[in-house]
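Number of protein chains: 2
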Amino acid sequence: MSGQVLSYQVHAAWVSFLRGHAALTRDLNSQLVADHGLTMNDYEVLLRLSRAPDRQMKRIELAQSVVLTPSGITRLLDGLEAEGWVEKASCPGDARITYAVLTDAGREKLRQAAETHLADIDRLFSGRYSTEELGTLAELFGRLDGAEHGDCSPG
Amino acid sequence: MSGQVLSYQVHAAWVSFLRGHAALTRDLNSQLVADHGLTMNDYEVLLRLSRAPDRQMKRIELAQSVVLTPSGITRLLDGLEAEGWVEKASCPGDARITYAVLTDAGREKLRQAAETHLADIDRLFSGRYSTEELGTLAELFGRLDGAEHGDCSPG
DNA sequence: TACAGTTGCTTGCGACCACAAGTATATCTC
DNA sequence: GAGATATACTTGTGGTCGCAAGCAACTGTA
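Taken in order, these protein sequences are the chains called C and H. Using our numbering, the letters of the first sequence correspond one by one to residues 952 to 1106. Using our numbering, the letters of the second sequence correspond one by one to residues 952 to 1106.
Below, the structure written as structure tokens:
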């Protein structure tokens, strides 16, 4: 490894990554907030829950899955619970653990939001990349966190 | 284009993109703050200025180059000015315009921060990708904003 | 010159999120 | 089983940043 002098490729990729993320998320987030009153993190949380067994997850696992701290997930879920889209459930075997459960209303909210949000994402990506390139991106990104990926549709 | 049903590739790439960005920036940013008292945006601004002619840029152009709003760049530069790393300069021909100018102290600060920050970036990327893959990433990312890229070393 | 529209910048406000500290519960060690 | 440690979660605090509104300066039209 170099250490002292960063390769041109690494830095060029990193700067583009930062700029691309800032530009895309600002666009997508403001659209999502305007259309549905959800932030992108709200949406991602609803999506994770919708794809989890019994549509519920431990809060701590949910936090890790969307890269938020425990305090972050508490505040985020506060909002979703206030809207009735998520509920708490206790864990019989461990009183420390609280589950976040997607309600029917939350499922419906996600379904509505997905209609425009997926189209927004599609518009930003499909115009710039071929199917093959998207596959390459998905593979390379996947290495950043060793993430698993599921179907993209809610439900 | 699809519009209604998002392709698997698009969504898989997007979700990995979000997770990767969150994980990487949280790591790099906390390191940079702990080591040098700079946020990643602070660093990026200092770097842009260091590579600009006469080490100065119009504030509005600086904001666009790091994807911040005008209010965002005002607050950010407030901090850098308070530390003496950046100064304001007026534009002779247009009193609306203010330049942000990198001071010698700011240049030195950037040099010090770059030592550890570039190594941090290198560590995160070089371990996961080959040189060829980094080139691919840089090219694909570059299309997100049509950005131009300069040398990665400050000065 | 007068007036409308645009541009650059700042400020008030609110949202989001991380960190640190605190509480409650569980587990491990003796 | 008592005490130390670890885990899950919440809350107080502070920082960053976007949006809307406002101000100052420039430009265009007549």
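The beta carbon of each residue, even a glycine, is placed where N, CA and C say it ideally should be.
Secondary structure within the segment 1022-1106 of chain C: the beta strand (DSSP E) runs of 3 or more consecutive residues, fully enclosed, are 1037-1041 and 1049-1053 (chain order). As DSSP reads the structure, H:Met-1008 sits in a beta bridge with H:Ala-1051. For C:Leu-1085, same chain residues with a beta-carbon under 6 Å away, outside a window of 5 residues either side, do not exist.
Taking 9 Å as the cut-off, the Cβ atoms of H:Leu-1095 and C:Leu-975 count as close. Under the Cβ criterion of 9 Å, C:Val-984 is not counted among the residues facing chain H. By the neighbour-count criterion, in which a residue is buried when 16 or more other Cβ atoms sit within 10 angstroms of its Cβ, C:Asp-1073 is buried.
Secondary structure at C:Leu-1019: coil, using DSSP grouped into helix, strand and coil. Residues of chain H with a Cβ closer than 9 Å to the Cβ of C:Val-996 do not exist, since the nearest Cβ in that chain sits about 12 Å away.
With a cutoff of 9 Å on beta-carbon distance, C:Val-966 and C:Val-996 are scored as not near each other. Going by DSSP, C:Thr-976 is part of the alpha helix (DSSP H) stretching over 959-987. With contact defined as three or more Cβ pairs closer than 8 Å, the segment 1077-1092 of chain C and the segment 1017-1033 of chain C are not in contact. Listed by position along chain H, the residues whose Cβ is nearer than 8 Å to that of C:Gly-1093 are Ala-963 and Ser-967.
For C:Ala-1014, the secondary structure class from DSSP, reduced to helix, strand or coil, is helix. Burial of H:Lys-1060 is indicated by the presence of at least 16 other C-beta atoms within 10 angstroms of its C-beta. Chain-order list of chain H residues neighbouring C:Ser-1001: empty, with the shortest C-beta distance near 14 Å, by a criterion of under 8 Å.
Chain C places a beta carbon closer than 9 Å to that of H:Ser-1077, counting this residue as a contact. Of all residues in the segment 1078-1089 of chain C, those with a C-beta nearer than 8 Å to a C-beta of chain H are Gly-1078, Arg-1079, Tyr-1080, Thr-1082, Glu-1084, Leu-1085, Gly-1086, Thr-1087, Leu-1088 and Ala-1089, reading in chain order. What C:Asp-978 touches in chain H, judged by beta-carbon distance under 9 Å, is nothing: the nearest beta carbon there is about 10 Å away. Linking C:Tyr-959 to C:Ile-1048 through their CA atoms gives a straight-line distance of about 46 Å.
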